[in-house]
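Per this note's numbering, the sequence shown runs over residues -12 to 386. Just so you know, even glycine gets a beta-carbon here, dropped at the ideal spot from N, CA and C. Predicted model only: the values in this text are computed from it and were never measured.
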Amino acid sequence: MTNTIGRIIQSAKFKRHAPGVVKRAVHPLLRRFYVVDYVLPEESVVKSLLDENPGQPVGRSSAIGGIRTLAAAEKVVIADPEKDPFVPVGKYYREGWFVRPTLFVADVPEARLHVGSGMVCTRDWEVMADLEYRLSGYPELRKRKPRELTRRAGTYSTVFSWNGENFGHWMFDFLPRIHSLAKAEPKAKITILMPDFLRPAFRESLELVVPGNFAVEYLPRDTWLQPEKFIWPSMISGRCNFFLPAEYYEAIRRPIFSRYGLPERHRKTKRIFITRRDALNRRILNEDAVSGLLVRYGFEDHELSRLSFREQVELFHQADIVVGPHGAGLSSIVFSGDIRLVIIYPTRVPQNHWHTLSRGLGQEHHFVRHDTGEDDDFTVDMEQLERVLREELGLRPCA
-12 MTNTIGRIIQ SAKFKRHAPG VVKRAVHPLL RRFYVVDYVL PEESVVKSLL
38 DENPGQPVGR SSAIGGIRTL AAAEKVVIAD PEKDPFVPVG KYYREGWFVR
88 PTLFVADVPE ARLHVGSGMV CTRDWEVMAD LEYRLSGYPE LRKRKPRELT
138 RRAGTYSTVF SWNGENFGHW MFDFLPRIHS LAKAEPKAKI TILMPDFLRP
188 AFRESLELVV PGNFAVEYLP RDTWLQPEKF IWPSMISGRC NFFLPAEYYE
238 AIRRPIFSRY GLPERHRKTK RIFITRRDAL NRRILNEDAV SGLLVRYGFE
288 DHELSRLSFR EQVELFHQAD IVVGPHGAGL SSIVFSGDIR LVIIYPTRVP
338 QNHWHTLSRG LGQEHHFVRH DTGEDDDFTV DMEQLERVLR EELGLRPCA
């Protein structure tokens, strides 16, 4: 028997299926000893969205059905490159526009869900993904398939995915997908499956915006499930892009303002400086000098990590001007009105998150750039910052 297995092993061949992916052909007698199936071979990626050309149809798989289109693909103008100085220097969208892909939900029969990463696979172990770069964050992408799947009766979905532990991506890449589910299934009872490591602010924001016919269930990170019915909502935003259709911003703000008793009309009484002194990166090395300058112009320092989610919402609801370094805490400008925003970028080629968000919200975007890396600590050019305050915002030091 030992010699027989040895001959089988020697006769096994390697077959190259895609660049960088090698599969071993295994003799049937060895399958009980040697499992070779991976969660997701590179050649079976489902391109569920196409965000290049608005005329192209949604990518399809034989394992996906019931696609309900919520909004057709469209060209979205962010800003005029000749009038907005950020457009030519931003990392993306230098022509001042992008194509928002088709927004839809789809049924994924016999779906396989890894709760901790939000990775959804079809019954054929294809992954549901809209943009290639989002795939890179799935830690299970090159692991072997689970030995067992827990079956669940009922209708389920998830809005979690790669980078969902970043508050900015949570607010504008993932939380808005609740609105798509509510639009497509206004009366259905859907359970939203989420990882149990979700932080308090994330949980609170989710539970505030889910409609009454939805439920939320938190499960351990390594849970694999096969729901009876699974509905996959497409992503709303694109790469470094938080410019959403207006109804998606409102679907976040309206229920939160209502639960917290906040009026739709903003009081606009505060000038806010958001610090990152407690962050791991992108800290301002001369923050004392920056803070001192801003105090002269009527600004208050705020360390958002010390505030509850409700306190952050209430703070930004009163904002008139917000100044801060590039960071996820700036996501709360969604709770502000038509404010003026000054972003302090560490690099000469800034990412587009806050520019696209502010333009989508109808807010003014001003900025200061520097010469370090995107995530490096850096020193703010004080003359440049004061020029923005005086010349672009028209501020004068307080008496």
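In chain order, what residues of the same chain lie with their CB nearer than 6 Å to the CB of Ala58, ignoring the 5 residues before and after it?
Numbered from its first residue, the sequence shown carries residue 58 at position 71. The beta carbon of Ala58 lies closer than 6 Å to those of Leu90 in the same chain, with the five residues before and after it left out.
Taking C-beta to C-beta, are Ser104 and Pro126 nearer than 7 Å?
Against the sequence shown, residue 104 aligns to sequence position 117. Against the sequence shown, residue 126 aligns to sequence position 139. Cβ atoms of Ser104 and Pro126: closer than 7 Å.
Starting from His166, trace the alpha helix (DSSP H) in both directions and tell me its first and last residue.
Here residue 166 refers to the residue found at position 179 of the sequence shown. Judged by DSSP secondary structure, His166 falls within the alpha helix (DSSP H) whose first and last residues are Arg164 to Ala171.
Grab the span of the beta strand (DSSP E) containing Glu290 for me, first residue to last.
In the sequence shown, residue 290 corresponds to position 303, counting from 1. Where Glu290 is concerned, there is no enclosing beta strand (DSSP E), given that its DSSP letter is neither H nor E.
Evaluate Glu113 with the Cβ neighbour count: other Cβ atoms within 10 Å of its Cβ, from every protein chain shown; 16 or more gives buried, anything less gives exposed.
Position 126 of the sequence shown holds residue 113. Buried is the call here.
Three-state secondary structure assigned by DSSP to Thr192:
In the sequence shown, residue 192 corresponds to position 205, counting from 1. A quick correction: the sequence has Ser, not Thr, at residue 192. The answer is helix: DSSP assigns Ser192 an H, G or I state.
What do you get for Gln350, buried or exposed, if any count of 16 or more other CB atoms within 10 angstroms of its CB means buried?
Locating residue 350 in the sequence shown gives position 363, counting from the first residue. Looking at its Cβ environment, which holds 16 or more other Cβ atoms inside 10 Å, Gln350 is buried.
Helix, strand or coil at Leu231 [DSSP, three-state]:
Stepping through the sequence shown from its first residue, residue 231 is reached at position 244. Of the three classes helix, strand and coil, the one that applies to Leu231 here is coil, per DSSP.
Would DSSP call Gln213 helix, strand or coil?
Taking the first residue of the sequence shown as position 1, residue 213 is located at position 226. When DSSP states are grouped into helix, strand and coil, Gln213 belongs to the strand group.
Out of Gly381, Arg293, Val321 and Val26, which one is the CA nearest neighbour of Arg131?
In the sequence shown, the residue the question calls residue 131 occupies position 144. Taking only the C-alpha atoms, the option nearest Arg131 is Val26.
Expressed to the nearest angstrom, what Euclidean distance is found between the alpha-carbon atoms of Asp265 and Glu274?
For the purposes of this step, residue 265 is taken as residue 278 along the sequence shown, with counting starting at 1. For the purposes of this step, residue 274 is taken as residue 287 along the sequence shown, with counting starting at 1. Between the alpha carbons of Asp265 and Glu274 lies a gap of roughly 12 Å.
Could you check if Leu272 is buried or exposed, using at least 16 other CB atoms within 10 Å of its CB as the buried criterion?
For the purposes of this step, residue 272 is taken as residue 285 along the sequence shown, with counting starting at 1. That one is exposed.
Drop a sphere of 10 angstroms on the beta-carbon of Gln371, count the other beta-carbons inside from all chains shown, and report buried for 16 or more, exposed for fewer.
As a working note, residue 371 is residue 384 in the sequence shown. Around the CB of Gln371, fewer than 16 other CB atoms lie within 10 Å, so the residue is classed as exposed.
What residue ranges within the segment 282 to 365 form continuous beta strand (DSSP E) runs of no fewer than 3 residues, ordered along the chain?
The segment 282 to 365 contains these whole beta strand (DSSP E) runs: 286 to 289, 306 to 312, 327 to 331 and 351 to 355.
Going by DSSP, what residues sit across from Val86 in a beta bridge?
Looking up residue 86 in the sequence shown gives position 99. Lys62, per the DSSP bridge assignment.
Cβ separation of Val107 and Leu100, assumed to be a contact under 8 Å, to the nearest whole Å:
The count along the sequence shown starts at 1 and reaches residue 107 at position 120. The count along the sequence shown starts at 1 and reaches residue 100 at position 113. So it is a contact: roughly 5 Å between Cβ atoms.
Cut-off 6 Å between Cβ atoms - residues of its own chain near Val64, not counting five sequence neighbours on either side:
For the purposes of this step, residue 64 is taken as the residue at position 77 of the sequence shown. If we look at Val64 and ignore the five residues flanking it on each side, its Cβ neighbours are Trp84.
Start and end residues, alpha helix (DSSP H) containing Arg374
Counted from its first residue, the sequence shown places residue 374 at position 387. DSSP places Arg374 in the uninterrupted alpha helix (DSSP H) bounded by Met369 to Arg374.
Closest to Asp111 by CA distance: which of His340, Ala50 and Ile308 is it?
What you label residue 111 is simply residue 124 of the sequence shown in a count that begins at 1. Considering only alpha carbons, the answer is Ala50.
For Gly53, which residues in the same chain have their Cβ closer than 7 Å to its Cβ, ignoring the five residues on either side in sequence?
Against the sequence shown, residue 53 aligns to sequence position 66. Correct list, in chain order: Ala93 and Asp94.
What residues in its chain sit with their C-beta under 6 Å from that of Trp341, if we drop five residues either side in the sequence?
As a position in the sequence shown, residue 341 is number 354, starting the count at 1. Counting only Cβ-Cβ distances below 6 Å, and skipping sequence neighbours, we find Leu317 and Ile330.
Bridge partners of Tyr205, per DSSP?
Along the sequence shown, one-based indexing puts residue 205 at 218. DSSP lists Met181 as partners of Tyr205.
Check each candidate in Pro220, Thr178, Leu231 and Leu294 and name the one with the smallest Cα separation from Tyr205.
Position 218 of the sequence shown, counted from the first residue, corresponds to residue 205. Checked all of Pro220, Thr178, Leu231 and Leu294; the closest Cα to Tyr205 is Thr178.
Only counting the same chain, and skipping five residues up and downstream in sequence, which positions put a Cβ closer than 8 Å to that of Ser192?
On the sequence shown, position 205 is the one that residue 192 refers to. Here Ser192 has Trp157, Met158, Leu162, Ile239, Ile243 and Phe296 as same chain residues with Cβ atoms under 8 Å from its own Cβ, once five neighbours each way along the sequence are excluded.
For Leu380, name the three-state secondary structure that DSSP assigns.
The residue you call residue 380 lines up with position 393 of the sequence shown. Leu380 falls in the coil class under three-state DSSP.
Ile261, enclosing beta strand (DSSP E) - first and last residue:
Start at 1 with the first residue of the sequence shown, and residue 261 comes out as number 274. First-last of the beta strand (DSSP E) with Ile261: Lys257 to Ile261.
At least 3 beta-carbon pairs within less than 8 Å: the segment 252 to 259 vs the segment 303 to 310
The count of Cβ pairs closer than 8 Å, one atom from the segment 252 to 259 and one from the segment 303 to 310, reaches three, so the stretches are in contact.
Reduced DSSP secondary structure (H/G/I, E/B, other) of Arg121
The sequence position of residue 121 within the sequence shown is 134, counting from 1. Note: Arg121 maps to helix in three-state DSSP.
Report the rounded CA-to-CA distance for Val196 versus Leu294, giving the unit in angstroms.
Translated into positions along the sequence shown, residue 196 becomes position 209. Translated into positions along the sequence shown, residue 294 becomes position 307. Looking at the two C-alpha atoms, the distance is approximately 20 Å.
Can you tell which of Thr343, Leu348 and Tyr332 has its C-alpha closest to the C-alpha of Ile326?
Position 339 of the sequence shown, counted from the start, is the residue given in the question as residue 326. Ranked by Cα distance from Ile326, the options Thr343, Leu348 and Tyr332 are led by Leu348.
Chain-order list of residues whose beta-carbon lies under 8 Å from that of Pro384 (same chain, five-residue window excluded):
For this step, residue 384 is matched to residue 397 along the sequence shown. Within the same chain, Cβ atoms closer than 8 Å to the Cβ of Pro384 are found at Arg283 and Tyr284, the five residues on either side in sequence being excluded.
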